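**Student:** Have a look at this one.
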Amino acid sequence: MKSIEIIMLPVADRQQAKEFYLKLGFQVVVEASDAHGQTWLQMGLPGTSTSISLATFQGIICETADIEADINALREQGIDVEPINKTPWGQFAWLKDVDGNRLCLHQQ
1 MKSIEIIMLP VADRQQAKEF YLKLGFQVVV EASDAHGQTW LQMGLPGTST
51 SISLATFQGI ICETADIEAD INALREQGID VEPINKTPWG QFAWLKDVDG
101 NRLCLHQQ
């Protein structure tokens with residue numbers, strides 16, 4: 001894994017949360033409908049590469065240069081990783097830590 005790319009924050013009302021984070025100085029990075037008709041809202045601070053996504057669930061998305069190699073390495077250590085999901089936005093593979101927190105590997 002190369003870096004933490006996106007931290008997903010669960011919010012009850014995306015528009016209210018968006019307005020709050022805009023007041024804090026965040027900018028909209030991406031605001032678009034996803035494949036399920038839901039709005040993907042990603043915000044970040046100017047000059048930074050890590051961003052937040054105002055979502056319906058929590059998770060951390062980590063960028064990787066080689067998702068298959070990372071998955072194989074994790075599985076060799078006994079970590080259960082879901083199959084790769086290929087989308088127009090890249091490849092994603094989800095896993096959970098020991099407390100059930102969701103983590104995701106993402107390769108462009």
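The UniProt record's numbering puts the first residue of the sequence shown at 1, with every later residue one more than the last.
Backbone N, C-alpha and C define an ideal beta-carbon position, used for all residues, glycine too.
Predicted, not measured: the structure shown is a model, and the values here were computed from it.
Have a look at V11, Q107 and I84 and flag the residue whose alpha-carbon is nearest the alpha-carbon of T56.
**Tutor:** For T56, the nearest C-alpha among the options comes from V11.
**Student:** Taking residue 127 as the reference, which of W89, Q108 and L103 has the closest Cα?
**Tutor:** The structure shown does not extend to residue 127, since the chain is modelled only from 1 to 108, so the question has no answer here.
**Student:** P46: which of G25, L103, Q108 and V81 sits nearest, CA to CA?
**Tutor:** The shortest Cα separation from P46 among G25, L103, Q108 and V81 belongs to G25.
**Student:** Is it buried or exposed for Q42, if we count other Cβ within 10 angstroms and need 16 for buried?
**Tutor:** Burial call: buried.
**Student:** Could you tell me whether any non-hydrogen atom of the ligand MN is closer than 6 Å to the CB of G78?
**Tutor:** For the ligand MN, the structure offers nothing, since it holds no ligand at all.
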